[in-house]
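Residue numbers (the numbering used here), protein chains in the order written: chain A, 35 to 236; chain B, 4 to 296. Every residue, glycine too, gets a C-beta built ideally from N, C-alpha and C. Accompanying notes for the structure given below.
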Amino acid sequence: MAHHVLVPPLTEEQVRALHVDDTVTLQHRLFGIRDATQIALFDRGRTTRLDLRGHAVIHTAPNVKRMPVAADHPTGYAPVCIGTTTSMRMERFTQPLMSALGVRLIIGKGGLGAQSLAAFGTLGGAYLAIVGGTAALETTWIEAIEDVDLDDLNPESLWQFRIRDFGPLRVAMDSHGGSLYADVDTAARSQRAAALAALGVR
Amino acid sequence: MTLRIEPDRLVEVARELYIRALKKLPPDIKQGFADLVRRETRAGARDVLDVMVRNIAVAESTDNLLCQDTGLPIYNVTIGRGVAVDGVALKAALREGCARATREHPLRSSVVHPLTRRNEHTSCGPGIPVIHIDFSDAFEGLRIEMIPKGSGSENNSWLKMAIPAEGSDAIKRFVIDCVLDAGGKTCPPTIVGVGVGGTADLCVHLAKRAATRPLGTVSDDVEGARLEAELSKAVNLLGVGPQGLGGDATAFAVHVELAATHITMNPVAVNMQCHSARRASALITDTGIAYGY
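Quick look at the structure:
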């Protein structure tokens with residue numbers, strides 16, 4: 035259970051050094067991505083000018099405020115409240131996110147499934163669990179919105195955040211086939227009979 | 004004496020309620036966290052609960068939203084005794100207040116047309132905000148409850164048209180299986196809302212009412228109360244835990260709301276509320292507006 039401070043862009047080797055139950059604090063840069071962003075990129079053939087190679091993405095669509103363009107708000111947006119959405123809806127996008135855009139880490143809540151776990155193993159990636167529903171805290175780890183692309187999809191644009199001390203996050207799926215979600219699901223299903231017995235269900 | 008409520012006042016109340024609900028968690032939910040932390044036996048799960056509790060404090064100290072998901076806005080209006088209000092104007096005022104909160108705070112509009120996926124950036128759209136209007140002779144004035152319903156929990160909603168021969172065992176089995184299927188996707192610990200009986204649509208509505216009922220309240224029906232007590236214990240035997248990462252604290256509680264049903268029917272619905280179980284209310288009387296939860 036090691037702690038890693040990571041400053042993307044990351045190499046495959048750095049990501050493969052992560053194991054389930056390790057913790058990670060991320061520095062410098064993070065990209066925000068969501069359902070509509072990935073539908074646009076992978077189903078509708080749109081492209082982005084932003085370079086995600088070796089980077090981490092977070093499943094999010096932020097609350098933002100329009101501001102005059104300035105050093106602190108180069109995009110004309112200031113963060114209001116930035117948190118994390120349920121990852122599982124975006125399960126089928128993990129593989130293209132990694133193979134086509136070179137993403138190495140996905141931050142989300144609730145976990146991803148077997149396809150993503152396979153992609154992490156084959157391509158060298160990991161899933162970092164954040165505590166969902168704690169956006170007020172998460173927002174304090176975000177310094178600025180550095181860039182934005184595909185902004186016609188707002189709030190599901192492709193966001194580039196400048197971050198500081200983002201975490202600690204928990205490695206919940208790794209490149210070695212480990213998944214806390216699969217482990218918990220198996221254990222919980224093994225308790226099903228006991229729960230039904232407690233309810234007097236025959 | 005009749006209290007006349009002007010629509011302009013309601014616009015302001017609807018605006019204020021949306022923002023309040025997003026920022027401050029009700030005391031019963033805070034107490035629910037304290038109870039779960041005390042009972043949790045796994046250290047990892049306690050850490051996750053601690054982050055959630057810390058977030059509640061950060062939201063209050065930074066005057067920020069608890070969660071980025073501004074949800075689907077729901078307004079539950081109860082018209083008490085001695086009130087005169089124009090119903091059509093009331094609905095228009097709630098819509099306007101919802102849109103104003105979104106533009107003026109500003110809030111992320113999480114609402115899109117279901118086919119075009121177009122976002123008007125007002126948190127409004129066809130049929131949204133959801134507005135329910137009911138009547139009560141229990142109090143004087145007009146009460147509005149606002150619930151921003153997050154999608155992580157709402158996406159985990161189920162209806163089963165079980166049959167009488169399956170009995171209440173079908174209801175219990177269904178609830179357990181829904182909690183297992185939801186896993187961490189609903190942002191547990193949740194309030195598991197169970198609707199029992201009614202028509203198909205009423206059953207789902209009852210589940211929503213159950214999921215958004217304050218913690219500590221019990222079903223009005225004796226059998227319903229018994230069922231929710233049993234289910235509350237049982238779901239926390241599963242070990243799904245906070246965020247689906249394992250632990251005792253899978254749910255704050257299971258709530259049951261029921262209605263009579265047809266002799267041939269045995270419907271059960273499940274709707275969940277995430278740990279950011281947000282709601283705010285306002286009571287409008289002749290002495291003014293009192294905000295609460």
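Using the Cβ count rule (16 or more neighbours within 10 Å means buried), how would you classify GLY291(B)? exposed
Pick from LEU20(B), ALA232(B) and ALA237(B) that is closest to PRO76(B), judged by C-alpha positions: LEU20(B)
Which term fits GLY170(B), buried or exposed, when burial requires 16 or more other beta carbons within 10 angstroms of its beta carbon? exposed
Enclosing alpha helix (DSSP H) for LEU68(B) [first to last residue]: From DSSP, LEU68(B) is part of no alpha helix (DSSP H); its letter is neither H nor E.
Check the DSSP bridge columns for GLN194(A) and list the partner residues they point to. PHE65(A) and ASP181(A)
Exposed unless 16 or more other CB atoms sit within 10 angstroms - verdict on MET124(A): buried
Output the distance between the C-alpha atoms of ALA214(B) and LEU151(A), rounded to the nearest integer angstrom. 33 Å
Using a Cβ-Cβ cut-off of less than 7 Å, list which residues of the region 173-197 of chain A approach chain B; keep chain order. THR173, THR174 and PRO189
What are the start and end residues of the alpha helix (DSSP H) that includes MET132(A)? 128-135
Per DSSP, what kind of secondary structure is CYS101(B) in: helix, strand or coil? helix
Residues from the region 20-49 of chain B in contact with chain A, defined by Cβ distance under 9 Å: LEU25, LYS26 and GLY47
So, do the region 215-235 of chain A and the region 184-201 of chain A have three or more beta carbon pairs nearer to each other than 8 Å? no
According to the neighbour-count rule (16 or more other Cβ atoms, all chains shown, within 10 Å of its Cβ), is SER224(A) buried or exposed? exposed
Under a three-way DSSP split, which group does SER224(A) fall into? helix
Distance check for ALA227(A) and VAL91(A), CA to CA, integer angstroms please. 39 Å
Are at least three pairs of beta-carbons, each pair with one atom in the region 257-273 of chain B and one in the region 150-165 of chain B, less than 8 Å apart? yes
Indicate whether at least one CB of chain A lies closer than 7 Å to the CB of LEU241(B). yes
Could you give the distance in angstroms between the alpha-carbon of VAL51(B) and the alpha-carbon of ASP181(A)? 31 Å
Counting Cβ pairs, one atom from each stretch, are 3 or more of them under 8 Å apart for the region 27-44 of chain B and the region 208-222 of chain B? yes
Would you kindly report the start and end of the unbroken alpha helix (DSSP H) that includes GLU169(B)? GLU169(B) -> no alpha helix (DSSP H), and no H or E assigned at all.
Kindly indicate which three-state DSSP category CYS277(B) falls into: helix, strand or coil? coil
Would you kindly check if the distance between the Cβ of THR202(B) and the Cβ of ALA254(B) is under 7 Å? no
Over the uninterrupted beta strand (DSSP E) stretch that includes GLY227(B), give me the two end residues. Per DSSP, GLY227(B) belongs to no beta strand (DSSP E); it is in the alpha helix (DSSP H), 225-238.
Show which residues of chain B have a CB atom less than 9 Å away from the CB atom of LEU230(A). ASP172, LYS175, ARG176, ILE179 and ALA237
By the 10 Å Cβ neighbour count, where 16 or more other Cβ atoms means buried, how is MET101(A) classified, buried or exposed? exposed
Contact between the region 108-120 of chain B and the region 236-245 of chain B is defined here as three or more beta-carbon pairs at a separation below 8 Å; is this criterion met? no
Beta-carbon proximity check, THR71(A) vs LYS188(B), cutoff 7 Å: no
Could you spell out the range, first to last residue, of the alpha helix (DSSP H) harbouring VAL114(B)? Element bounds for VAL114(B): n/a, residue is neither H nor E.
Taking C-beta pairs closer than 8 Å, name the residues in chain A that THR65(B) reaches, listed in chain order. ALA170, THR173 and THR174
Taking contact to mean at least 3 C-beta pairs separated by less than 8 Å, is the region 144-152 of chain B in contact with the region 258-266 of chain B? no
Best match in ARG18(B), GLY74(B), GLY227(B) and THR81(B) for proximity to LYS175(B) [C-alpha to C-alpha]: GLY227(B)
Can you give the beta carbon distance from SER213(A) to GLY159(A), rounded, assuming they're within the 8 Å contact cut? Not a contact, Cβ separation roughly 13 Å.
Could you give the distance in angstroms between the alpha-carbon of ALA48(B) and the alpha-carbon of GLU143(B)? 44 Å
How far does the alpha helix (DSSP H) with SER139(B) in it extend, from its first residue to its last? No alpha helix (DSSP H) holds SER139(B); the beta strand (DSSP E) holding it covers 133-143.
Here's the rule I'm using: 16 or more other beta-carbon atoms within 10 Å means buried, otherwise exposed. How should GLU46(A) be labelled? exposed
Is the Cβ of GLY110(A) closer than 7 Å to any Cβ of chain B? no
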